[in-house]
Amino acid sequence: MQSSNQTVASINAPRTTPHLPVELITEIIETLWHMRLSSRERIAFLWASYLVNSTWADVFDLVSSRDVYIPSELYCDYFISRLRGLPFPTADEDMRPSRPPTFLELLLAPSVPGAPAPSLLSRFLRACQGTKAAPSQAPPAKASLRACSANLACQSLTFEIVNLDVLPDRGGHLHAPVGPILPMGPVLEALLAKLKLRVPSLAPNLRRLCIEYIDTDFSDVFQRGIFSDLPAQITHLELRYAFSPATPDWIVEPLRAAPGRRRKMSAAETVTALSVLGAGNGTVMDALRGCPNARVLKVDDVRFRLQPSRLGVPRGEAGQEMSDWVKEDTSCAS
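Take 1 as the starting number for the sequence shown in the UniProt record's numbering and just add one per residue.
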């Protein structure tokens, strides 16, 4: 009789949402956050993470503040203001004639000309600013990081630079009518300049910079002088190159096979670990010339330990130089 009553009681008991351990929530968020997401997908994940519950939102705040992704120019401005502990300007402040009137709506929008601004993100940002437009049905979670903590938390910074107008010509080059349209390129330059100017007060724990190029050739990072503009605290530089599935091989392969061209360039003296993914040997050697103090080089899935004799500015052919590198056990590669 007692077991029967217990069964009835268990059936009639109110159903509750199972509580996940914080460690499991952290693992889920880190896995999703570090996936190869487009700007729109990352923005959608950002918004959704503040609507689950306070625990999820707080963990997401910690993860996204440690490993920062910059999806747009205006989000970059927001990131800088957060590092400095300053309030971000509202729609009535800091208006520029070249920008649409809805400043907040474009804060997290991708840098695509004419792209509609997501209204949910607009509501979220107004809620963060404490304005009257905050949505009552889904208020954002409380901020788990103060300004100083956000500044100290940043360890990794990732930029995605996409060519918005790719037109292949018969010569196998990627170009647009007036050159590649890379709106995030100048944004990266401006951010690095601000970080370098304010060293070590801004992002003192920043160690890794990752630049992801989509549908571009391999020259942009060298033409912008990124190596000479790196803040002193960055010790790991990662360059990723990828092309859309629709891009034909007759365009991609000649670009990858191009020899290195840059024998003299300003160097990033503090970089000790260099990763170049999706590029050819010529680009790898050019990047290594920009990081003469690199001890570890990762090329796609292969990791090399550079011998002391190769730590200076490389000379000779790329194939000969690569044969002198020491391949490490891939099981220890990160």
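Glycine included, every Cβ here is placed at the ideal spot set by N, Cα and C.
As the structure is a prediction and not an experimental result, all values here were calculated from the model.
- According to the DSSP assignment, L297 belongs to the beta strand (DSSP E) that extends over 296-299.
- Beta-carbon to beta-carbon, V221 and L239 are separated by about 6 Å, close enough to satisfy the 8 Å threshold.
- In the DSSP assignment, L237 is bridged to L209, L274.
- A straight line joining the alpha-carbon of E41 with that of R289 spans about 35 Å.
- Beta-bridge partners of I70 (DSSP): F159.
- For F304, the enclosing beta strand (DSSP E) begins and ends at 302-305.
- Here the alpha carbons of L197 and C76 stand approximately 16 Å from one another.
- At the C-beta level, D217 and L188 stay beyond 8 Å of one another.
- The Cβ-Cβ distance between A273 and T235 falls below 8 Å.
- One Cα belongs to W33, the other to S64, and the distance between them is close to 8 Å.
- Relative to I214, the option among Y241, L37, F227 whose CA is nearest is Y241.
- Looking from the CA of I211, the closest CA among V22, F304, S156 belongs to S156.
- Shown here, A242 sits in a strand according to DSSP, grouped into three states.
- By the CB criterion at 8 Å, A44 and Y50 fall outside the cutoff.
- Using a Cβ distance threshold of 8 Å, C291 and L209 do not count as a contacting pair.
- Taken atom to atom, the span from the alpha-carbon of R261 to that of D249 is near 22 Å.
- When secondary structure is reduced to three states using DSSP, I226 falls in the helix class.
- A direct Cα-Cα distance of roughly 22 Å separates D286 from M184.
- Just measuring C-alpha positions, the residue of F159, A153, S72 sitting nearest F60 is A153.
- Shown here for D67: same chain residues with a beta carbon closer than 6 Å to its own, the five before and five after excluded, namely S156 in chain order.
- Its chain contains E212 as the residues whose beta carbon lies nearer than 6 Å to that of E160, once the 5 sequence neighbours on both sides are disregarded; these appear in chain order.
- Non-local C-beta neighbours of P259 in its own chain, meaning closer than 6 Å and more than five positions away in sequence, comprise G282, ordered along the chain.
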